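Just so you know, we're using the numbering used here here: the sequence shown kicks off at 165 and counts up by one.
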Amino acid sequence: MATMLPARLDLDGLRTLVDEQRADGAAAQDDVSRLFGFSSWEALRSEVERRVILNAVDVERAWARIRSDPTWATRDLLGWCDHKGGAAPLNYMAMLRFDAPRLGLSPKPAGTGEMARLLLNAGAPVDGNPGESETPLMTAASYGDADIARVLVEAGADLDALATPDSGGVAGGSALLHAAVFGMTDVLDTVVAAGAEVRSLVEAAAAGDIGAWPTDEAGDVEKLRALIMAADHQRLDVIDQLLAAGTPIDGVDPMWGRQALRLCAEHGRPASTRHLLARGADPTLSDDEGNTALDLCQGQHRYLPGRHHDEVAEILRDALSRR
Numbered sequence: 165m166a167t168m169l170p171a172r173l174d175l176d177g178l179r180t181l182v183d184e185q186r187a188d189g190a191a192a193q194d195d196v197s198r199l200f201g202f203s204s205w206e207a208l209r210s211e212v213e214r215r216v217i218l219n220a221v222d223v224e225r226a227w228a229r230i231r232s233d234p235t236w237a238t239r240d241l242l243g244w245c246d247h248k249g250g251a252a253p254l255n256y257m258a259m260l261r262f263d264a265p266r267l268g269l270s271p272k273p274a275g276t277g278e279m280a281r282l283l284l285n286a287g288a289p290v291d292g293n294p295g296e297s298e299t300p301l302m303t304a305a306s307y308g309d310a311d312i313a314r315v316l317v318e319a320g321a322d323l324d325a326l327a328t329p330d331s332g333g334v335a336g337g338s339a340l341l342h343a344a345v346f347g348m349t350d351v352l353d354t355v356v357a358a359g360a361e362v363r364s365l366v367e368a369a370a371a372g373d374i375g376a377w378p379t380d381e382a383g384d385v386e387k388l389r390a391l392i393m394a395a396d397h398q399r400l401d402v403i404d405q406l407l408a409a410g411t412p413i414d415g416v417d418p419m420w421g422r423q424a425l426r427l428c429a430e431h432g433r434p435a436s437t438r439h440l441l442a443r444g445a446d447p448t449l450s451d452d453e454g455n456t457a458l459d460l461c462q463g464q465h466r467y468l469p470g471r472h473h474d475e476v477a478e479i480l481r482d483a484l485s486r487r
């Protein structure tokens, strides 16, 4: 069975692997190619180079490769340990900003939208290949690349397509719901502004307007999930509407274990944190692993790294000191 390519492998690393072989020259290259399941050294080298170009968001080099091989923009990246099922270049780009720290790249690679536009112009299908579990717009929504989301929307992406029931993201969910669940407010606002269908009170709360969804017709769990979504996306008026409807401010989702204040801390949401605390949220409550909201906005618990987590930590420390 072939060995999977390491996620951070680049051309220098590939050359090092060749140098480490007992054989010399072309024989060593062939040995490394067979190790990773590639038919030739050129096929292996081209695959590694392709990921290097995408990681660098090097549009000029990408265009040069596409001119000589149009499939460069459409065929899946294959053989990588972190994408064992393969990844279309467009979907890969939609994940890149979120994955950048894991890959040792700059925190927010610039130009992902421009690269996405190049891939689309070169033939990448805007809604992905038939049979894929989610569309590129859903991937951009899950991973939070609003620039790519805007490019896809402009290119005519299906705003209301649904993921397959066995999708690894949000099974059966739209791009809007993917953005809502994963806390990607910029992408959420992009698809809502473009006219994406809002299918539930929970989605409406994430989008910031529950006027069309009477809370007196909603069940307790649905209202609680709506409150958690409103808090995560800092929809302060919606928080107040749901609290007025009797939703418990410290309630915990019985299926997913999410709770409004702790989620705001984990995601770095200062406005919602202040708002919830002012309305009586208890910062001393912990999750099943013993983590309080203050624990979750620090260190390894931070889901969306950024400057706002430190602000949330100060808000919570102040609240705790006054109890």
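Backbone N, C-alpha and C fix where the C-beta goes; we use that ideal spot for every residue, glycine too. In this text, all values refer to a predicted model and were calculated from it rather than measured experimentally.
- Collapsed DSSP secondary structure at Thr-379 in the structure displayed: For the purposes of this step, residue 379 is identified with residue 215 of the sequence shown, where counting begins at 1. Looking at Thr-379 - three-state DSSP - the assignment turns out to be helix.
- Item | Between the CA atoms of Glu-318 and Pro-447 - distance to the nearest angstrom | Locating residue 447 in the sequence shown gives position 283, counting from the first residue. Locating residue 318 in the sequence shown gives position 154, counting from the first residue. About 42 Å.
- Closest by C-alpha distance to Val-476, when choosing among Thr-456, Arg-438 and Asn-455: Position 312 of the sequence shown, counted from the start, is the residue given in the question as residue 476. For Val-476, the nearest C-alpha among the options comes from Arg-438.
- Quick one: which unbroken alpha helix (DSSP H) runs of 4-plus residues sit fully inside the region 375-434? Chain order, please. 384-396, 400-408 and 424-431
- Item | Cα-Cα separation between Gly-332 and Arg-486, rounded to whole angstroms | Working through the sequence shown from its first residue, we reach residue 332 at position 168. Working through the sequence shown from its first residue, we reach residue 486 at position 322. The alpha-carbon atoms of Gly-332 and Arg-486 are separated by roughly 43 Å.
- Select from Met-348, Asp-330 and Arg-214 the residue whose C-alpha is nearest the C-alpha of Asp-396. Locating residue 396 in the sequence shown gives position 232, counting from the first residue. Scanning Met-348, Asp-330 and Arg-214 for the CA closest to the CA of Asp-396 turns up Met-348.
- Task: Compute the distance between the beta-carbons of Glu-230 and Ala-280, then report whether it is under 8 Å.
- Result: Taking the first residue of the sequence shown as 1, we reach residue 230 at position 66. Taking the first residue of the sequence shown as 1, we reach residue 280 at position 116. Looking at the sequence shown, residue 230 is not Glu but Ile. Against a cut-off of 8 Å, the Cβ pair of Ala-280 and Ile-230 comes out as no contact.
- Any alpha helix (DSSP H) of 4 or more consecutive residues that is wholly inside the region 241-328: 253-267, 276-285, 300-307 and 310-318
- Item | Per-residue DSSP class, three states only, for Thr-349 | Here residue 349 refers to the residue found at position 185 when the sequence shown is read from its first residue. Helix.
- Query: Three-state secondary structure (DSSP) at Ser-450?
  - Reply: Against the sequence shown, residue 450 aligns to sequence position 286. The three-state reading of DSSP puts Ser-450 in strand, counting E and B together.
- Message: Between which two residues does the alpha helix (DSSP H) holding Glu-213 run?
- Response: Here the question's residue 213 lines up with position 49 in the sequence shown. Element bounds for Glu-213: 205-219.
- Query: Is it buried or exposed for Trp-109, if we count other Cβ within 10 angstroms and need 16 for buried?
  - Reply: Outside the shown range of the chain, which is 165 to 487, sits residue 109, and nothing can be said about it.
- Item | Inter-residue spacing [alpha-carbon to alpha-carbon] between Thr-167 and Arg-261 | As a first step, residue 167 must be located in the sequence shown, where it is residue number 3. As a first step, residue 261 must be located in the sequence shown, where it is residue number 97. Their backbone Cα atoms lie some 26 Å apart in a straight line.
- Return the CA-CA distance between Arg-266 and Glu-381, expressed in angstroms with no decimal places. Mapped onto the sequence shown, residue 266 falls at position 102. Mapped onto the sequence shown, residue 381 falls at position 217. Going by the C-alpha atoms only, they are around 44 Å apart.
- Message: For Gly-337, report the span of its alpha helix (DSSP H) as first-last.
- Response: Taking the first residue of the sequence shown as 1, we reach residue 337 at position 173. No alpha helix (DSSP H) holds Gly-337; DSSP gives it neither H nor E.
- Confirm, please, whether the CB-CB distance from Ile-312 to Gly-277 is below 8 Å. One-based indexing of the sequence shown puts residue 277 at position 113. One-based indexing of the sequence shown puts residue 312 at position 148. Yes. Within cutoff.
- Query: Counting Cβ pairs, one atom from each stretch, are 3 or more of them under 8 Å apart for the region 424-441 and the region 456-476?
  - Reply: yes
- Grab me the residues of Val-366's own chain with a C-beta within less than 6 Å of its C-beta, minus the 5 sequence neighbours each way, in chain order. Counting from 1 along the sequence shown, the entry for residue 366 is found at position 202. In the same chain as Val-366, and ignoring 5 residues on each side of it, the C-beta atoms closer than 6 Å to its own belong to Arg-389, Ala-390 and Met-393, in chain order.
- Under a three-way DSSP split, which group does Thr-238 fall into? Counted from its first residue, the sequence shown places residue 238 at position 74. Three-state result, Thr-238: coil.
- Just the C-alpha distance for Leu-254 and Ala-457, rounded to the nearest angstrom, thanks. In the sequence shown, counting from the first residue as 1, residue 254 sits at position 90. In the sequence shown, counting from the first residue as 1, residue 457 sits at position 293. If I take the Cα positions, the gap works out to 36 Å.
- Outcome for Met-419 when other beta-carbon atoms lying within 10 angstroms are tallied against a minimum of 16: As a first step, residue 419 must be located in the sequence shown, where it is residue number 255. Exposed, by the Cβ-count rule.
- Task: Decide if Val-362 is buried, meaning its Cβ has at least 16 other Cβ atoms within 10 Å, or exposed.
- Result: Sequence index remark: in the sequence shown, residue 362 carries index 198 (1-based). Flag for Val-362 reads buried.
- Message: Can you check which of these residues, Leu-323, Asp-330 and Val-351, is closest to Ser-338 by C-alpha distance?
- Response: The residue you call residue 338 lines up with position 174 of the sequence shown. Among Leu-323, Asp-330 and Val-351, the Cα nearest to that of Ser-338 is on Leu-323.
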